[in-house]
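Structure record follows, encoded as C-alpha cells.
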Amino acid sequence: MAGSPSSSPMPSRDFFLKSANPVAELWNERIERMPGEEMRRLQLERLKRQVAYNYARSPYYREKMDAAGIAPADIRSFEDFTRVPLMTKDEHRAVQERSLAEHGTPFALLACAPPEKIVRVSATSGTTGIPTLYTVTAHDVGVVNEMHARKYWRAGIRPGHVMIQAVSLSMFTGGLPLSDGIQHLGACVVPVGIEGGTRRVLEFTGLTRPQALIATPSFGQYLIDECEKHTGKPARELGFRRFFCVGEPGGGNPAVRRKLADGFGAKVFDHTGGGHAFHGISCDEPPEEYKGMHFVSEDHCVLELVDPRTRKPIELSEGAVGEMVFTFIDWEGGPFMRYALGDLLQVWTKPCPCGMPGMRFKIVGRTDDMLIVKGVNIYPEAIRKLLLEFAPQVTGQFRIRLSKPGPAVEPPLRLRIETTEKNTGDLEKQILARFRSELRVAPAIEWLAPETLPREAHKTKYIEIQED
C-alpha cells in the first residue's frame, strides 16, 4: 500500500501472475514457491499497512484498538500484533446490528471501503443467529479469484475442463465467488447449485459431461448411493475424474475419501476457501494418505492458532492443534483482523512428501460443536472418523442425542448408529473399546437399521436435541 494509511492496501499487479504454461505445477510460481523468510517479510509489511488502513477507515476497528491501548504504529512484529483483541462471529453480528440501528446500514462500522466501491455481499448460513455479512470490492474479487485459481491449478484443472458446482449458490461464500474463480482460471463452470436437488444435478451432469464435481462429502456419498435409482447407472459412469470436497470436514477422512474415490472413479481433493482470503487444497494422493490442505494464500492472509479456552497463542509447529484465527492483509472491503471463526485446525510445517510448497492444515472440528463428557472434549467429527473404521458393519450414519444443548453432557454420551449387522454384540464391544482408548468415553449405543437416519444433501447435523 502506498501513500497515507487510509489508502487502499492493494499490491502491485506483479502478485497476480497467470501461468502461461499449461504443464506448470503452480499457477503463480513466484508467490507459491517464495521462501519462508521472504514470505514472512512480505506478510509483515502488508500486515502493518492493513492495520493502518483498518484503523483509519473502520470506526469499529478504531474503537477496538483504542480500547486496548494499541495504535497502528505499535505493530512492528507478529508478536506485537497478538495484542490486538480477537474478533468473534457473535461480535461480528453485534457490530452489524449496532451499525444498522445507528446508521441504517449493516456496513457502516466495519467496512473500510466506501459504499460505491462495494460490489458484492456474501453471507454465512445464519443457522445460529442472523447471517454474518462479507463485503468485497472489485480488488477483493480479484484476490479471491487468484486463490481459487491457485487451488484448482494444483489439482490439475486447466482451460477446457468443465466443473459442475453442486453447492449452495444462495448467498453462500463458496457459491458465486467459487464460480468466478473457476472462470478466472479459464475453465468452464456449471453453477447448478444444490437448491434444485439431486435430479437437477444429475440432469446437468448428463447434459454438460463435466470432468469435475464440487460438493460436500455428504452430498457426494448421497449421490453415489442414489445415482443408479435416478439414472439407471452407477456413479462411476457419470464421468467425474476429480471430486472436490467443500463445506464440511469429511473430506479429510480416509474412509470418506475412499468411498468417494471408488464410487465416482475419481481423484478426491479436500479444499476450503470461499469468498474470502483463507484458502487451501489437499495433495493429489491416495485417499488413505491424506496429508492436510496446503495453505495457498499466505501472501493474503496471516494464520494464527489460539487455545480455544484461554485464547493464548499456540505456536505454528508440526502437529499443533488450536482454534484458527485469520487476518486479511490485502483487503479493501470488510477486512477481518484476528477473526476467530470457531474452526479447530491441526497444522504441519515440515515439507510435504508430495513436493508441493506450503504449510498444511486440517480442519478437525468446530469449537461450537465441542461436547464435554466428564471433562473430556469430544467432537462429532472424531466420532465419525472412529465409526467409519468399522465400515461396512456400520453405514457411517449416526446421531448424538442430547437432552439439552451442550457443551456439557450428562454421561453417558448417547449415540444412535446405523449398522448392517443383525447381531451387534461383538461389534459393540469392539467399538466401545475403541471409544475408551481413543476418545476416553464410554457411550451408550442405540443400534439402527440402515437408511433409518435422514441423508442430508448439504451438511449433516450430527447432534439432535430430545428433551427428557
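Here the sequence shown is numbered in the working numbering, starting from 1195 and rising by one per residue. Cβ atoms here follow ideal geometry from the backbone N, Cα and C, with glycine treated the same way. None of these values were measured; they are calculated from a predicted model.
Rounded to the nearest angstrom, what separates residue i and residue j at their Cα positions?
i: A1295; j: K1258; result: 19 Å
i: R1649; j: D1620; result: 27 Å
i: E1185; j: V1541; result: Only positions 1195 to 1662 of the chain appear in the structure, and residue 1185 is not among them; the question remains open.
i: L1304; j: F1584; result: 48 Å
i: A1349; j: C1382; result: 15 Å
i: A1317; j: R1235; result: 32 Å
i: Q1244; j: K1423; result: 53 Å
i: Q1377; j: V1335; result: 12 Å
i: L1647; j: R1593; result: 8 Å
i: L1642; j: T1613; result: 6 Å
i: C1421; j: G1600; result: 37 Å
i: V1558; j: H1488; result: 15 Å
i: C1548; j: D1478; result: 8 Å
i: L1538; j: V1567; result: 19 Å
i: P1300; j: L1241; result: 25 Å
i: Y1247; j: C1306; result: 8 Å
i: R1554; j: M1228; result: 15 Å
i: V1315; j: L1607; result: 40 Å
i: P1385; j: T1543; result: 35 Å
i: P1595; j: G1486; result: A small correction: the amino acid at residue 1595 is Arg; Pro does not occupy that position in the sequence shown. Computed Cα separation, rounded: 30 Å.
i: G1391; j: F1438; result: 18 Å
i: P1574; j: M1233; result: 36 Å
i: I1418; j: A1638; result: 31 Å
i: R1452; j: H1494; result: 33 Å
i: P1665; j: F1434; result: The shown model of the chain, from 1195 to 1662, leaves out residue 1665, and the question about it has no answer.
i: P1353; j: V1217; result: 12 Å
i: G1263; j: P1411; result: 45 Å
i: L1280; j: M1531; result: 8 Å
Can you find a CB in chain B that lies within less than 7 Å of the CB of residue i?
i: P1606; result: Although the question refers to chain B, the structure presented lacks it and comprises just one protein chain.
Taking its Cβ as the centre, do 16 or more other Cβ atoms sit within 10 Å of residue i, making it buried, or is it exposed?
i: D1562; result: exposed
i: I1659; result: exposed
i: F1598; result: The sequence shown places Lys at residue 1598, rather than the Phe named in the question. Exposed.
i: T1322; result: Because T1322 carries a pLDDT of 46, less than 50, the predicted location of this residue cannot be relied on, and no value is offered for it.
i: G1320; result: Only weak support exists for where G1320 lies, its pLDDT of 48 falling under 50; the value from the coordinates is given anyway. Exposed.
i: T1504; result: exposed
i: R1630; result: exposed
i: Q1624; result: exposed
i: L1372; result: buried
i: E1645; result: exposed
i: V1278; result: buried
i: N1617; result: exposed
i: I1611; result: buried
i: K1461; result: buried
Quick test of your reading: residue i and residue j, contact by CB under 8 Å. State the CB separation rounded to the nearest angstrom.
i: F1255; j: H1470; result: Per the sequence presented here, residue 1255 reads as Tyr, with Phe not at that position. Going by Cβ atoms, the distance from Y1255 to H1470 rounds to 17 Å, so no, they are not a contact pair.
i: V1500; j: I1508; result: 6 Å
i: L1582; j: V1440; result: Between V1440 and L1582 the Cβ distance is about 19 Å, and since that is not below 8 Å, they are no contact.
i: G1527; j: T1282; result: G1527 to T1282, Cβ: 20 Å. No contact.
i: L1454; j: W1347; result: Actually they are not in contact, since the Cβ atoms of L1454 and W1347 sit about 21 Å apart, beyond 8 Å.
i: Y1484; j: G1446; result: 5 Å
i: S1406; j: R1430; result: The amino acid occupying residue 1406 in the given sequence is Ala; Ser does not appear at that position. Their Cβ separation, rounded to whole angstroms, is 15 Å, which puts A1406 and R1430 out of contact at 8 Å.
i: M1550; j: G1467; result: Not confirmed; about 16 Å, so no contact.
i: G1387; j: V1361; result: 7 Å
i: G1375; j: V1338; result: 6 Å
Any idea which residues DSSP pairs residue i with across the strands?
i: F1489; result: G1474
i: K1556; result: Q1540
i: T1402; result: The partner list for T1402 (beta bridge, DSSP) is empty, contrary to what the question assumes.
i: N1447; result: DSSP, once it has assigned bridges, lists no residue as partnering N1447.
i: R1634; result: According to DSSP, which records beta bridges pairwise, R1634 is partnered with nothing at all.
i: W1641; result: I1611
i: I1508; result: L1499
i: Q1415; result: Paired residues: none, contrary to the question.
i: T1282; result: A1534
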